[in-house]
Amino acid sequence: MSSTTRRRRAATRRRPARGDPERGMVTAEIATALPALALVLVAAVWAVLFAASQLRCVDAAREAARAVARGEEPAVVRQVAQEVAPEGATVDVEQVDGTVRVRVSADVSMPGPVGDAVPAPTAHGEAVAWAEPE
Numbered sequence: 000m001s002s003t004t005r006r007r008r009a010a011t012r013r014r015p016a017r018g019d020p021e022r023g024m025v026t027a028e029i030a031t032a033l034p035a036l037a038l039v040l041v042a043a044v045w046a047v048l049f050a051a052s053q054l055r056c057v058d059a060a061r062e063a064a065r066a067v068a069r070g071e072e073p074a075v076v077r078q079v080a081q082e083v084a085p086e087g088a089t090v091d092v093e094q095v096d097g098t099v100r101v102r103v104s105a106d107v108s109m110p111g112p113v114g115d116a117v118p119a120p121t122a123h124g125e126a127v128a129w130a131e132p133e
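Mind the numbering: the sequence shown is residues 0 to 133 in numbering that gives the first Met the number 0, read in order.
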């Protein structure tokens with residue numbers, strides 16, 4: 000093998016020069032994508048938290064309606080609902096024509112520092128049961 004051939008092969012194996020415009024391109028792409036990825040991750044966590052709060056509101060309303068239907072006192076009914084519902088939930092109990100309607104609602108704010116800037120949607124739960132005759 001001639002010395003010219005060896006120099007050509009060595010030249011092709013060298014790293015690109017510092018002036019290469021493509022150098023560091025992957026780093027720039029990652030730096031651009033990371034904030035968007037973080038935002039998507041926070042939104043996904045928030046969606047899961049909201050869905051869990053929605054389910055807890057529905058469960059709390061169902062349990063409270065069953066307690067009213069059994070003839071429990073209003074204070075016990077509210078306690079049952081508050082134990083199951085998300086923190087800070089409101090419980091409304093309404094009796095009409097032999098039925099009991101319980102509504103539970105709670106505001107679910109976004110986690111992290113963004114939570115104060117974004118309006119919190121409200122998770123709702125409602126249940127209706129027949130009231131026991133006294």
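Every residue gets a Cβ at the ideal spot worked out from N, C-alpha and C, and that includes glycine.
Asked: Pick out whichever of Ala42, Arg77, Ala66 and Gly87 has its Cα sitting closest to the Cα of Met109.; Found: Ala42
Asked: Ala63: which of Val101, Ala122, Val117 and Pro118 sits nearest, CA to CA?; Found: Val101
Asked: Is the beta carbon of Ala88 sitting closer than 9 Å to the one on Gln81?; Found: yes
Asked: Assuming Val140 and Val92 make a contact with CB atoms under 8 Å, what is their CB distance in whole Å?; Found: There is simply no residue 140 to check, as the chain begins at 0 and stops at 133 in what is shown.
Asked: Take Trp129 and list the residues in its own chain whose beta-carbon comes closer than 8 Å to its own, dropping the five residues that flank it on each side.; Found: Ala68, Gly97, Thr98 and Val99
Asked: By how many angstroms is the C-alpha of Glu86 removed from the C-alpha of Ala119?; Found: 14 Å
Asked: With H, G and I counted as helix, E and B as strand and the rest as coil, what does DSSP make of Glu125?; Found: strand
Asked: If I follow the unbroken beta strand (DSSP E) through Asp58, where does it start and stop?; Found: It is not in any beta strand (DSSP E) - Asp58 instead sits in the alpha helix (DSSP H) that spans Met24 to Ala68.
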